[in-house]
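Heads up, the sequence shown is in this note's numbering, so the first residue is 9 and it goes up one at a time.
The beta-carbon is built from N, C-alpha and C at its ideal position, and this holds for glycine as well.
None of these values were measured; they are calculated from a predicted model.
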Amino acid sequence: MSERFVVVRVGQGDNGVKNDPVPDSGGAEGDSIDPQDYVPILEYSREPNRYGDGMPKESSPFINNTDHDKGNLYDGKNMALFEEEMDSNPMVSSLLNKLANYTNLTQGVKEHEEADDDEGPARSKKPVKSPALGTLIGVYLPCLQNILGVILFLRLTWIVGTAGIMESLAIVVMTCSCTMLTAISMSAIATNGVVPAGGSYYMISRSLGPEFGGAVGLCFYLGTTFAGSMYILGTIEILLTYIVPSAAIFKAEKKENEPEALLNNMRVYGTCCLILMSLVVFVGVKYVNKLALVFLACVILSILAIYAGVIKTAFDPPDFPICLLGNRTLQNHNFDQCLKTMEVDNVTVTTKLWSLFCDSPDLNATCNEYFTLNNVTVIQGIPGLTSGVIRDNIWGDYGPNGMLVENKHQVSEPAADTSQDIYMPYVANDITTFFTLLVGIYFPSVTGIMAGSNRSGDLRDAQKSIPIGTIMAIATTTFIYISSVILFGACIEGVVLRDKFGDSVKGNLVIGILAWPSPWVIVIGSFFSCCGAGLQSLTGAPRLLQAIARDGIVPFLQVFGHGKANGEPTWALLLTGGICEIGILIASLDAVAPILSMFFLMCYLFVNLACALQTLLCTPNWRPRFKFYHWALSFLGASLCVSLMFISSWYYALVAMLIAGCIYKYIEYRGAEKEWGDGIRGLSLNAARYALIRLEEAPPHTKNWRPQMLVLLNLESDHTVKHPRLLSFCTQLKAGKGLTIVGSVLQGTYMTKEDEVKKAEQNVKSSMTTERTKGFCHVVASSNLRDGFSHLIQTAGLGGMKHNTVLMAWPGTWKQSNDPVSWKNFIETVRETTAANQALLVAKNVDSFPTNADRFGEGTIDVWWIVHDGGLLMLLPFLLRQHKVWRKCKMRIFTVANMDDNSIQMKKDLQMFLYHLRLDAEVEVVEMHDSDISAFTYEKTLVMEQRSQMLKQMQLSRTEREREAQLIHDRNTASHAAINDKPDTGPDRIHMTWTKDKFLSERNRNRSEANMGVRDLFNMKPEWESLNQSNVRRMHTAVKLNEVVVNRSQGAHLVLLNMPGPPKNRGGDENYMEFLEVLLEGLNRVLLVRGGGREVITIYS
């Protein structure tokens, strides 16, 4: 049926709108109106049409684009208002045209078949057919075929006999409830948009992200692969036990060796069957698909035969006699009659049964004690629906390995010696049975619910078919299982139900003897059903692995994304065959079933979690068409999955979770970054928002304080990072903890610098990756660098996650720079951080700092504690020593004392203070003596002031300034060399403090003029009336302190020093830079530290 919208034409010169129906051709042919006068706004058709501007410009991941569309320009007239946006925002007509012609055919088997058929260079392109499968053929029957299988035919009767009807119903209800709840969650996810090829893996990975998606996808792959092993083992068990037992290669001479012989036969025949099936899949999966209908017919016919046989037992039970010795069930292989002796021509002769228990056929032979004490009895294996046997099968009969299958209602005389029982032809348990084991063995019989979603690309309406088909298939199979449990318990004798391999009924399949018209219907049907299921597993598992490999989220799996020229996953098939062989070597169906149960339960667990997560997050894109879901149902389903995992096998559950966890961490560490709009990312955003709101409520306690860094980077002209070692130092200081924001500024407006900003961000991120700096990058464009850095300091971070410390490099070339803007920006940044109550770290000679690969053997980190500004000086060395680069370095703390202070007592107090801070460091108190201000200090101050004054008055050109700067530099060097050898003439009485209280008290004390220099240096309160003397005192302090620091710490790997603040009078900014330059002269690696005005370290726990 053709559906169309009416085209609305907008006339150029008309005031109104003409509503003219458009011919079915979709164009304007045959119309008398000039096509230039009108622009078709909207037309929709199921047929391929050209309408609207006919030239779409969009590029979207869900719309098919062609190269022909590129380069076309919009030439309409009536939509000229939007013509500049047509490249990024297409007209609605173009969008609808793309959507109408969109197809979502599975990128899988169908294309591979077509590629096989289209051989040769001149391939004729086949027209793409629209998906045409409905709910019945596309979802319901495939799910039915995948759910009903080997466990139903080979183990369900044994489970009913062992667990009893009530506990078997509990197992069925638990497992089917789990799959039903999972199907509800899966239906919600599958109907929330188009699900391309990939099915459950696609749904989980796009809902939970690449880490969970890859982990669960690989678990689902392993589950599908082990399912192939289980089906192959089921096929071989049917073949060797019920169809041709004589084909066994390994034959047991003694009864106790029969289980081992059976396992060896399973291994040999299973391996041969695996190779044969793999070859079939390799040659062409189209043969598997063509046989799928045959396999489905076998399953349906077998189930119908079972129900027909049940109905027949109500009025005509089949004759399958069971021979009991006492109350013990006998294996009915080597005798015909259930008699000890019989009369032949009035002569009593022994039977074959006698020979099995006695040492000779003579009547006076020595026989087994239990055989002698008890008589043989014949009962019917299938008493019928109306016999009342259901009462005997209500409750279970668990037991250890080797426990004999007994009928509790028969009279039995126990024998004194039971040691020979294992050699007698009794039916016995081959494994230890208990409830949780049966849950693990049964669960694979309810898997297969993903078959419909895996075919989503072939469905006519996937969003309608997947929920209906899957839920109906689960409801149908649940009814079949529940009815089977009840009917088996109502029709079949308990000892026959517990006879796993049908030894008591002459080696027939137990479920087969119930079927009508013949047991061979079930035997042949179950054989082909297991064959088909094995082939389907070997077909689906490699494609699932190929889909994971092509997603690129697991690097070491990328080789499995390749295959034959037609896309057939050859390498993935080889790996699948290898893993499948592991299951076959296990050889026991009962041992393999719990393994694949774990992997399928892991998959179902995450399907439920994905639905619950998306529902609770209320993401805007979560709009499923399937409305009958709720997050509580999804959580209940997830809880059931976890419960069933640990009920089935707690150690298998732990192993499966460990495998999934290892894959998750591997993808997180090495995998490619993918942005799929997954729910985990949404959960992270919600958690981050909640945490930020909580952090906003109160500032962090001193115990929780750690440096949250804002790293201010300078960029080269090509926008690369100028000082990458600054990032290395930040990494070593942070050790991956706390917040790190890396910021930089480009001069200009964002409109003109957009591309450069993006390029700079990429370069900074690349440097952060190289230096292993974990954090965020922010490059801004500003009219000038000063404002840009100011904006970063003010606005970087969000809520409570804001930086409290600024890290930057010392402007090493400020003297040689022609432009004073660089050092002025530096000083203004210092003022900004002080005003914002943020700590400041300035790294001098940062390019000589160690990389993350360096390792210091021996050495020291020296801390010069001049004033107390919150304890950041103490905290930084401790944090640095957490990193491998600085781990072996020792910490030394120096403080400067006054002559009237007790240096010995100060050292003891400081050691005690460090002990309470839990810091290991050597302590040294340095006494600085009073001395006259040297001639070098006076000359250096004079040159500094003269240079500054001359530059202001003469306003020299750049060339002259550069020449004069060089001249002054030469004079300074010569003066320093001449005066360096003069000894000090007297003590220098300078007082430094190491505690806040003492510092405050010393500020209030009347001090000499020499003592005022230290306070002026670190508080910068110049006295206007004696400006020159103030500069002299500051320079004197810088020179003397530099001499002491160089003398004690020149060999240290790092020197940490209190940074004096800039003068409040901006006229002294250049002098401030000179003071700092003199203070740091002769030191290699220096970190200037300025506290943020709050305590950052405490002695309390």
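In the displayed model, residue 799 falls within a helix according to three-state DSSP.
In the displayed model, residue 869 falls within a strand according to three-state DSSP. Around the beta carbon of residue 920, a 10 Å sphere encloses fewer than 16 other beta carbons of the protein chains shown; the residue is thus reported as exposed. CA-to-CA, the gap between residue 478 and residue 319 works out to about 29 Å. For residue 523, the secondary structure class from DSSP, reduced to helix, strand or coil, is coil. Within the same chain, and ignoring the five residues on either side of residue 775 in sequence, the residues whose Cβ sits closer than 7 Å to its Cβ are 729, 732 and 735. With contacts defined by Cβ atoms closer than 8 Å, residue 241 and residue 592 form a contacting pair. Taking every protein chain shown into account, the CB of residue 366 has 16 or more other CB atoms within 10 angstroms, so this residue is buried. A distance below 6 Å between beta-carbons, with the five flanking residues on each side excluded, links residue 918 to the following residues of its chain, in chain order: 931. In the structure shown, residue 931 adopts extended strand secondary structure according to DSSP, grouped into three states. Here residue 610 has 224, 227, 664 and 668 as same chain residues with Cβ atoms under 7 Å from its own Cβ, once five neighbours each way along the sequence are excluded. One alpha carbon belongs to residue 492, the other to residue 560, and they sit about 45 Å apart.
In summary, residue 622 is buried, with 16 or more beta-carbon neighbours lying within 10 Å of its beta-carbon over all protein chains present. Of all C-beta pairs linking the region 210 to 225 to the region 579 to 599, fewer than three are shorter than 8 Å, placing the two stretches out of contact. Per the DSSP secondary-structure output, residue 752 pairs in a beta bridge with 787.
Cβ atoms of residue 1081 and residue 831 come within 8 Å of each other, at about 5 Å. In this structure, the alpha-carbon of residue 287 lies about 36 Å from that of residue 522. The DSSP-derived three-state label of residue 733 is helix. When the beta-carbon positions are compared, residue 347 and residue 397 stay at least 8 Å from each other.
With fewer than three CB-CB distances shorter than 8 Å, the region 505 to 524 does not count as touching the region 352 to 359.
One alpha carbon belongs to residue 444, the other to residue 276, and they sit about 30 Å apart.
DSSP places residue 747 in no beta strand (DSSP E); its state is neither H nor E.
If you draw a straight line from the Cα of residue 567 to the Cα of residue 579, it comes to about 7 Å. For residue 329, the enclosing beta strand (DSSP E) covers residues 329 to 333.
With a beta-carbon spacing of about 22 Å, residue 926 and residue 893 fall beyond the 8 Å limit used to define contacts.
For residue 1062, the three-state secondary structure derived from DSSP is strand. A Cβ-Cβ separation of about 7 Å places residue 533 in contact with residue 307 under the 8 Å criterion. The distance from the Cβ of residue 333 to that of residue 379 is about 7 Å, consistent with a contact at the 8 Å cut-off.
Scanning 745, 836, 200 and 555 for the CA closest to the CA of residue 475 turns up 200. Looking at the DSSP output, residue 356 sits in a beta bridge with 351. Remark: C-beta atoms of residue 460 and residue 239 do not approach each other more closely than 8 Å. Note on residue 327: under 16 other CB atoms within 10 angstroms of its CB, so exposed under the neighbour-count rule. The residue among 265, 581 and 458 with its C-alpha nearest the C-alpha of residue 431 is 265.
Burial is judged here by how many other beta carbons sit within 10 angstroms of a residue's own beta carbon; residue 1039 has at least 16 and is buried. Around the C-beta of residue 322, fewer than 16 other C-beta atoms lie within 10 Å, and the residue is accordingly described as exposed. Residue pairing for residue 434: DSSP places it in a beta bridge opposite 338.
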